[in-house]
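K.L.:
I have a structure I would like to understand better, so I am pasting it below and will then ask my questions one at a time.
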Amino acid sequence: MFELRDVTFRYDDRLVLDHVDLAIDHGELVLLAGPTGVGKSTLLGVVAGLVPAFTGGTLTGDVVIDGASVLEVPARERAHLVGYVGQNPPAWFVTDTVEEELAFGMEQLGLAAPTMRRRVEETLDLLGIADLRHRDLRTLSGGQQQRVAIGSVLTTHPRLLVLDEPTSALDPTAAEDVLATVTRLVHDLGVSVLVAEHRLERVVPFADRLCLLGEGGRVRVGDPAGLLVDAPIAPPIVELGRLAGWSPLPLTVRDARRRTAELRSRLGTPPDPLPVETGPTGPVRRGPAAEVRNLVVAHGPVPALRDVDLDLVPGTVTGLMGRNGAGKSTLLWSLQGRHAATRGTVRVGGDDPHRLRPEARRRHTGLVPQSPADLLYLETVAEECAAADRTASAAVGTCAGLLERLAPGIDPAGHPRDLSEGQRLALAVSIVLTAGPPVLLLDEPTRGLDYPGKHALAGILRDLAAEGRAVLVATHDVEFVAQVADDVVVLAEGEVVSSGPVREVVAESPAFAPQVTKVLGPGWLRVDEVAAALATSAEVSP
Ligand SMILES: Nc1ncnc2c1ncn2[C@@H]1O[C@H](COP(=O)(O)OP(=O)(O)OP(=O)(O)O)[C@@H](O)[C@H]1O
Ligand SMILES: Nc1ncnc2c1ncn2[C@@H]1O[C@H](COP(=O)(O)OP(=O)(O)OP(=O)(O)O)[C@@H](O)[C@H]1O
Numbered sequence: 001m002f003e004l005r006d007v008t009f010r011y012d013d014r015l016v017l018d019h020v021d022l023a024i025d026h027g028e029l030v031l032l033a034g035p036t037g038v039g040k041s042t043l044l045g046v047v048a049g050l051v052p053a054f055t056g057g058t059l060t061g062d063v064v065i066d067g068a069s070v071l072e073v074p075a076r077e078r079a080h081l082v083g084y085v086g087q088n089p090p091a092w093f094v095t096d097t098v099e100e101e102l103a104f105g106m107e108q109l110g111l112a113a114p115t116m117r118r119r120v121e122e123t124l125d126l127l128g129i130a131d132l133r134h135r136d137l138r139t140l141s142g143g144q145q146q147r148v149a150i151g152s153v154l155t156t157h158p159r160l161l162v163l164d165e166p167t168s169a170l171d172p173t174a175a176e177d178v179l180a181t182v183t184r185l186v187h188d189l190g191v192s193v194l195v196a197e198h199r200l201e202r203v204v205p206f207a208d209r210l211c212l213l214g215e216g217g218r219v220r221v222g223d224p225a226g227l228l229v230d231a232p233i234a235p236p237i238v239e240l241g242r243l244a245g246w247s248p249l250p251l252t253v254r255d256a257r258r259r260t261a262e263l264r265s266r267l268g269t270p271p272d273p274l275p276v277e278t279g280p281t282g283p284v285r286r287g288p289a290a291e292v293r294n295l296v297v298a299h300g301p302v303p304a305l306r307d308v309d310l311d312l313v314p315g316t317v318t319g320l321m322g323r324n325g326a327g328k329s330t331l332l333w334s335l336q337g338r339h340a341a342t343r344g345t346v347r348v349g350g351d352d353p354h355r356l357r358p359e360a361r362r363r364h365t366g367l368v369p370q371s372p373a374d375l376l377y378l379e380t381v382a383e384e385c386a387a388a389d390r391t392a393s394a395a396v397g398t399c400a401g402l403l404e405r406l407a408p409g410i411d412p413a414g415h416p417r418d419l420s421e422g423q424r425l426a427l428a429v430s431i432v433l434t435a436g437p438p439v440l441l442l443d444e445p446t447r448g449l450d451y452p453g454k455h456a457l458a459g460i461l462r463d464l465a466a467e468g469r470a471v472l473v474a475t476h477d478v479e480f481v482a483q484v485a486d487d488v489v490v491l492a493e494g495e496v497v498s499s500g501p502v503r504e505v506v507a508e509s510p511a512f513a514p515q516v517t518k519v520l521g522p523g524w525l526r527v528d529e530v531a532a533a534l535a536t537s538a539e540v541s542p
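For the sequence shown, position 76 matches number 76 in the UniProt record's numbering, and the numbering has no gaps at all.
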C-alpha cells in the first residue's frame with residue numbers, strides 16, 4: 001500500500017499541491033488527470049523522490065510505502081520500490097544501447113546475471129522491441145524510446161510504477177498494448193500504478209480509480225465514471241454520454257455502442273456523407289506548397305522512407321499518422337531540409353530545402369520538433385516571445401497572444417526550463433506559428449496539452465490554413481486529427497499505405513478511428529458534430 005499523507009508543496013509563491021491525500025492499494029491502477037501545468041508531474045515527482053530534491057520548493061506532509069515513510073529516502077534508494085518513467089525519456093537514459101538500458105536498473109539492485117538475462121528477454125518481447133536490442137538509444141524514434149524507458153523500469157519489478165504521460169509518444173495500438181501489459185503486472189504481481197495522462201480516452205478503460213488535480217492544488221479521488229459526470233476534462237466518449245444523457249456514463253467504446261440505438265434514431269445522416277466516386281468537390285485547390293516525389297531517405301542501411309509521394313496544399317491541414325518508427329519524423333525533417341534525400345525529390349516553395357541556408361529554410365517552413373525545448377534558449381518566457389515577434393517582424397504581443405490561447409496563465413517572467421511539459425510545448429508552438437511560414441510542420445504537438453489546449457491548437461491551425469498556409473501534423477492523437485485535419489496520410493514502414501479525406505481514412509482503419517467514429521460508425525468524427533445534428537433534429541421535430 002502506498003500513501004501520500006497531507007502533502008502540500010509550493011515553489012516560492014506558487015502553491016502547487018494543497019493538502020493532498022492519496023492512497024493506492026496493491027494491484028490498483030490510479031489515473032492522475034488535470035489541466036496543463038496544474039502540477040501532475042510535480043505530484044509524481046514527490047512520489048519518486050525527485051521533488052523537492054532536484055527542483056527546489058518546500059514540501060510538507062508524508063510519503064509512505066508499506067507503512068514506512070520514504071520522505072527522507074533519496075530517489076536512487078527508492079528505485080526498487082518506485083519505478084519512475086518521466087515525460088521526456090531521452091533525458092533519463094543512462095546507457096547507450098537498448099539492452100544496456102533495460103539491464104541498468106537491475107544492475108544497480110545487484111540482481112543475479114541469469115535473472116537479469118531472463119527479464120531483459122521477457123521485456124523485449126513484452127514491449128515488441130526485440131529487433132531494436134542492439135540499437136543506439138539516440139537513433140530510436142520517439143515511440144521506440146518511450147517503450148525502452150517503460151521497459152527499463154518494468155525489469156526492476158518495482159512495488160509502485162509511476163508513469164508520466166506514458167502513451168503520448170506511442171501509436172494507438174502500442175498505447176493499448178503497453179497499458180494492457182502494465183495492467184497484467186498489476187493483476188499478476190500486485191504492482192500498484194500511478195499514471196498521469198491527458199489522453200483520458202486511452203487510459204480510463206484501464207483505471208480502477210481517477211484522481212483529478214485541479215487549479216489550487218486540490219485533488220478529488222474516486223470512481224472514474226462518477227467523477228467524470230462533471231469533471232472539467234473529459235474524453236470524447238464521456239462528452240457524448242453527457243450529451244445523450246446516458247447514466248452511468250460509458251467509459252469504453254463497447255459500453256457506449258450498446259446504448260447508441262436511440263441516439264442514432266435522433267441523429268439522421270452524418271454531416272458530410274462519405275464522398276461517392278464522382279471526383280473532388282468543394283473549393284478549387286491551388287498548386288502544392290510542398291511536393292515530395294519518390295522520396296527515399298535512409299539512416300544507415302535501412303531506409304526510413306521508401307518511395308513516398310506527398311503534396312501539401314495551401315489551405316489544408318494534413319494529419320500524418322502511422323506506427324512508431326514508420327518514418328513520420330523523418331518525413332518532416334526531410335521537408336524542413338535537415339535530412340537529404342537518398343533518392344527522389346523534395347520541393348518546398350519550388351526549392352530543394354536541403355540545399356538552402358538555414359535562414360532561407362526558415363522562410364519556407366517552420367517545424368515544431370518532438371522535443372520543444374530544442375527551440376528555447378532565452379532566460380524568460382517574455383524574452384522568448386519578444387524575440388519570436390522580432391524575428392518574424394510580427395506585431396508586438398503576437399507570440400504571447402498565441403501562448404495565452406494554448407496554455408493560459410503562464411508567468412511571463414518565468415524561466416522556460418521551469419515550465420511544465422505542456423506549457424513548454426505551447427511556447428515552442430507559439431514561437432513557430434508567430435513566424436507563420438507558408439509550410440508548417442508539427443511533430444506530435446499535443447503532448448502535455450489538456451483538452452481545451454488541444455482545442456485551441458486545432459483552432460489556431462485551422463486559422464493558419466484559412467490564411468493559405470499548408471500544415472502537416474505528425475501525431476498519434478486520433479482525437480486531435482479528427483478535430484483538425486482535412487486529409488490524412490498513413491505511413492507504414494516508410495511507405496504511404498493510405499491517404500485521403502480524414503473521414504474516409506479513419507473510417508477504414510480501427511487503429512486510427514476516433515471514439516465518436518467507433519461508437520456511431522463512419523461519417524461521424526467529433527462530438528460537436530453530433531451536438532449540431534441533435535440541435536437540428538430537435539428543431540425539425542420539437
Ligand atoms: N522549478 C520551478 N519553479 C517554479 N515553478 C515551477 C517549477 N517547476 C514547475 N513549475 C510550475 O509548476 C506548475 C506545475 O508543473 P507540472 O510540471 O507539475 O505540471 P503538469 O500538470 O505535469 O503539466 P503538464 O500537463 O504540462 O505535464 C507549472 O505551472 C510550472 O510552470
Ligand atoms: N540515426 C538513425 N540511425 C538509424 N536508424 C534511425 C535513425 N533515425 C531514425 N532511425 C529509424 O528510422 C525509422 C523511422 O524513424 P522516425 O523517427 O521517422 O519514425 P516516426 O514515425 O516518427 O516514429 P514515432 O512515432 O515513434 O516518433 C525508425 O525505425 C528509427 O528507429
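Quick reminder that beta carbons are idealized off the backbone N, C-alpha and C, glycines included.
Thinking C-beta only, is Asp311 closer than 9 angstroms to Gly344?
P.N.:
Stepping through the sequence shown from its first residue, residue 344 is reached at position 344. Stepping through the sequence shown from its first residue, residue 311 is reached at position 311. Not in contact: Gly344 and Asp311 (Cβ atoms no closer than 9 angstroms).
K.L.:
Using a threshold of 9 angstroms, state whether the C-beta atoms of Pro35 and Glu201 are closer than that.
P.N.:
Locating residue 35 in the sequence shown gives position 35, where the first residue counts as 1. Locating residue 201 in the sequence shown gives position 201, where the first residue counts as 1. Against a cut-off of 9 angstroms, the Cβ pair of Glu201 and Pro35 comes out as no contact.
K.L.:
Could you have a look at Ala533 and say whether DSSP puts it in helix, strand or coil?
P.N.:
Taking the first residue of the sequence shown as position 1, residue 533 is located at position 533. Ala533: helix per DSSP, three-state reduction.
K.L.:
Using a Cβ-Cβ cutoff of less than 7 angstroms, which residues in the same chain neighbour His26 once the five nearest sequence positions on both sides are dropped?
P.N.:
Residue 26 sits at position 26 when you count from the first residue of the sequence shown. Excluding residues within five positions, the ones whose Cβ falls inside 7 angstroms are Met1, Gly190, Ser192.
K.L.:
To the nearest angstrom, how far is it from the Cα of Arg323 to the Cα of His339?
P.N.:
Looking up residue 323 in the sequence shown gives position 323. Looking up residue 339 in the sequence shown gives position 339. Distance between the alpha carbons of Arg323 and His339: 20 angstroms.
K.L.:
Going by C-alpha to C-alpha distance, which of Arg119, Ala149, Val120 sits closest to residue 543?
P.N.:
Lying before the first or after the last residue shown, residue 543 is absent from the chain, which here runs from 1 to 542.
K.L.:
Between the beta-carbon of His364 and the beta-carbon of Ser334, is there less than 9 angstroms?
P.N.:
Here residue 364 refers to the residue found at position 364 when the sequence shown is read from its first residue. Here residue 334 refers to the residue found at position 334 when the sequence shown is read from its first residue. No, they are not a contact pair.
K.L.:
Buried or exposed: Leu425, going by 16 or more other Cβ atoms within 10 Å of its Cβ?
P.N.:
On the sequence shown, residue 425 is found 425 positions in, with the first residue counted as 1. Leu425 comes out buried.
K.L.:
Measuring straight from C-alpha to C-alpha, what distance separates Val162 and Gln108?
P.N.:
Position 162 of the sequence shown holds residue 162. Position 108 of the sequence shown holds residue 108. Their backbone Cα atoms lie some 19 angstroms apart in a straight line.
K.L.:
Can you tell me which of the three DSSP states Glu277 falls into?
P.N.:
Walking along the sequence shown from the start, residue 277 turns up at place 277. In this predicted model, Glu277 has a pLDDT of only 39, less than 50, meaning its place in the structure is not dependable enough to derive any value.
K.L.:
Below 6 angstroms CB to CB, which residues in the same chain sit around Thr173 once its five sequence neighbours on both sides are set aside?
P.N.:
Taking the sequence shown and counting its residues from 1, the one referred to as residue 173 is at position 173. Same-chain partners within the cutoff: Ala511.
K.L.:
My assumption, with CB atoms under 8 angstroms, is that Arg135 sits in contact with Leu124. Please give the rounded CB distance.
P.N.:
As a working note, residue 135 is residue 135 in the sequence shown. As a working note, residue 124 is residue 124 in the sequence shown. About 12 angstroms separates the two Cβ atoms, so there is no contact after all.
K.L.:
Quick one: Cα of Ala79 to Cα of Arg119, how far?
P.N.:
Your numbering for residue 79 matches position 79 in the sequence shown. Your numbering for residue 119 matches position 119 in the sequence shown. Computed Cα separation, rounded: 17 angstroms.
K.L.:
Return the bridge partner residues of Met321 from the DSSP annotation.
P.N.:
Numbered from 1 along the sequence shown, position 321 holds the residue referred to as residue 321. DSSP, once it has assigned bridges, lists Val490 as partnering Met321.
K.L.:
So, do the stretch 65-82 and the stretch 95-111 have three or more beta carbon pairs nearer to each other than 8 angstroms?
P.N.:
These segments touch.
K.L.:
Give the secondary structure of Ala485 by DSSP, where H, G and I count as helix, E and B as strand, and everything else as coil.
P.N.:
If you number the sequence shown from 1, residue 485 lands on position 485. Coil at Ala485, not helix or strand.
K.L.:
Would you check if there are 3 or more beta carbon pairs closer than 8 angstroms linking the stretch 447-464 to the stretch 287-306?
P.N.:
No, because fewer than three Cβ pairs between the stretch 447-464 and the stretch 287-306 fall closer than 8 angstroms, the two stretches do not touch.
K.L.:
Residues in the same chain with beta-carbon distance under 6 angstroms from Val284, minus the five sequence neighbours each way, listed in chain order, please.
P.N.:
Locating residue 284 in the sequence shown gives position 284, where the first residue counts as 1. Note on Val284: pLDDT 47, under 50, position unreliable in the model; the coordinate value appears next. Hits under 6 angstroms: none found.
K.L.:
Give the DSSP bridge partners of Cys211, in chain order.
P.N.:
Numbered from 1 along the sequence shown, position 211 holds the residue referred to as residue 211. Bridge partners of Cys211: Leu32, Val221.
K.L.:
Can you check which of these residues, Leu441, Gly83, Val317, Pro358, is closest to residue 544 by C-alpha distance?
P.N.:
Because the chain in this structure spans residues 1 to 542, residue 544 falls outside the shown range and cannot be described.
K.L.:
Look at the alpha carbon of Gly468 and the alpha carbon of Val178, and state the distance between them as a whole number of angstroms.
P.N.:
Position 468 of the sequence shown holds residue 468. Position 178 of the sequence shown holds residue 178. Rounded to the nearest angstrom, the two C-alpha atoms are 40 angstroms apart.
K.L.:
For the beta strand (DSSP E) containing Arg202, list its first residue and its last residue.
P.N.:
On the sequence shown, position 202 is the one that residue 202 refers to. Not the beta strand (DSSP E): Arg202 falls in the alpha helix (DSSP H), residues 200-203.
K.L.:
By DSSP's criteria, Thr345 is part of a beta bridge. Which residues make up the other side?
P.N.:
Against the sequence shown, residue 345 aligns to sequence position 345. DSSP lists Arg293 as partners of Thr345.
K.L.:
Can you check which of these residues, Val496, Ala470, Ala474, Val502, is closest to Gln483 by C-alpha distance?
P.N.:
In the sequence shown, counting from the first residue as 1, residue 483 sits at position 483. That would be Val502, whose Cα lies nearest to the Cα of Gln483.
K.L.:
Please report how far the alpha carbon of Arg147 lies from the alpha carbon of Val506, in whole angstroms.
P.N.:
As a working note, residue 147 is residue 147 in the sequence shown. As a working note, residue 506 is residue 506 in the sequence shown. Distance between the alpha carbons of Arg147 and Val506 is about 25 angstroms.
K.L.:
Of the choices Ala91, Leu213, Val85, whose alpha-carbon is the least far from that of Val182?
P.N.:
In the sequence shown, residue 182 corresponds to position 182, counting from 1. The option with the nearest alpha carbon to Val182 is Val85.
K.L.:
Out of Gln145, Asp66, Thr434, Ala474, state which residue places its alpha-carbon closest to the alpha-carbon of Asp463.
P.N.:
By 1-based counting over the sequence shown, the position of residue 463 is 463. Considering only alpha carbons, the answer is Thr434.
K.L.:
Please state whether the Cβ-Cβ distance between Leu137 and Asp96 is less than 9 angstroms.
P.N.:
Here the question's residue 137 lines up with position 137 in the sequence shown. Here the question's residue 96 lines up with position 96 in the sequence shown. Yes. Within cutoff.
K.L.:
What did DSSP end up calling Gly282 once you bin it into helix, strand or coil?
P.N.:
Your numbering for residue 282 matches position 282 in the sequence shown. Only weak support is given to the placement of Gly282: the predicted model assigns it a pLDDT of 44, under 50, and the question is left unresolved by the model.
K.L.:
Which whole runs of the alpha helix (DSSP H) in the stretch 350-392 are 4 residues long or more, in chain order?
P.N.:
Listed in chain order, they are 358-364, 381-391.
K.L.:
With distances taken from CA atoms, which of Thr446, Pro288, Glu495 is nearest Val439?
P.N.:
For the purposes of this step, residue 439 is taken as residue 439 along the sequence shown, with counting starting at 1. For the residues Thr446, Pro288, Glu495, the minimum Cα distance to Val439 belongs to Pro288.
K.L.:
Do Leu249 and Leu267 come within 9 angstroms of each other at the CB atom, strictly closer than that value?
P.N.:
Here residue 267 refers to the residue found at position 267 when the sequence shown is read from its first residue. Here residue 249 refers to the residue found at position 249 when the sequence shown is read from its first residue. Cβ atoms of Leu267 and Leu249: not closer than 9 angstroms.
K.L.:
Going by the beta-carbon positions, is the gap between Phe9 and Val51 smaller than 9 angstroms?
P.N.:
Along the sequence shown, one-based indexing puts residue 9 at 9. Along the sequence shown, one-based indexing puts residue 51 at 51. Yes.
K.L.:
May I ask you to report which of helix, strand or coil DSSP gives Leu15?
P.N.:
As a position in the sequence shown, residue 15 is number 15, starting the count at 1. Of the three classes helix, strand and coil, the one that applies to Leu15 here is strand, per DSSP.
K.L.:
Pick from Leu367, Leu154, Val530: whose alpha carbon is nearest that of Val429?
P.N.:
By one-based count along the sequence shown, residue 429 stands at place 429. Out of Leu367, Leu154, Val530, Leu367 has the C-alpha closest to the C-alpha of Val429.
K.L.:
Span of the alpha helix (DSSP H) holding Arg306?
P.N.:
The residue you call residue 306 lines up with position 306 of the sequence shown. Element bounds for Arg306: not the alpha helix (DSSP H) but the beta strand (DSSP E), 302-312.
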